[in-house]
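Reading through the structure tokens given below for one structure.
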Amino acid sequence: MTLNYPDFSGIRKLEFPEHAGHVCKTCNKWFSSPSLLSKHKLWHHKSECPRYRYNCQMCPYASNVSSNLQAHEQVHSADRPYICIYCGNRFKALSSLNQHLMIHTGENPQAVGFFITKWKKS
């Protein structure tokens, strides 16, 4: 028994007009937001991107804002300065710890005035 598949060779791919989304001019991939297009260009076509003042030394991330690069560099760091007071799990970002705390308390720590700060190394 042979299977007969329809012939799609004469059908063109759906083309998105430029005003309908965000299209990479290099590879014609379509993105739903300008930020996704920027990330795509940075990772796949960095040589075609405008120069950035601050560049990550470990990956293609780049920014013109130094504090953005400093925040990004935590991704590569082994340092986890935020510690859960209930179970001892460690986190790189305060926001991750606060999200984790809801597992133990069932409440958003910021909503009830419970703030966690960085533990000082001794």
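If you use the UniProt record's numbering, the sequence shown corresponds to residues 1 to 122, in order. Where is the CB? At the ideal position from N, CA and C, for every residue including glycine.
Next on the checklist: So, at 7 Å on beta carbons, what are the nonlocal neighbours of H40 in its own chain, with the 5 sequence-adjacent residues on each side left out?
Outcome noted: In the sequence shown, residue 40 corresponds to position 40, counting from 1. Cβ neighbours of H40 beyond the five flanking positions: C24, K29 and F31.
Item to check | Selected residue, minimal CA-CA separation from Q70, among E48, C56, I83 and G106 | outcome: The residue labelled residue 70 in the question sits at position 70 within the sequence shown. The candidate whose alpha carbon is nearest that of Q70 is C56.
Checklist entry - At which residue ranges does the UniProt domain "C2H2-type" (82-109) contain complete alpha helix (DSSP H) runs of 4 or more residues, listed in the order of the chain? => result Every unbroken stretch of the alpha helix (DSSP H) spanning 4 or more residues and falling wholly within the UniProt domain "C2H2-type" (82-109) is given here in chain order: 94-105.
Checklist entry - How many Å lie between Q74 and K92 at the Cα? => result To locate residue 74, count along the sequence shown from 1; it is residue 74. To locate residue 92, count along the sequence shown from 1; it is residue 92. Between the alpha carbons of Q74 and K92 lies a gap of roughly 7 Å.
Item to check | Span of the alpha helix (DSSP H), counted from its first residue to its last, around N68 | outcome: The residue given as residue 68 occupies position 68 in the sequence shown. It spans S66 to E73 - the alpha helix (DSSP H) in which N68 sits, taken as one unbroken run.
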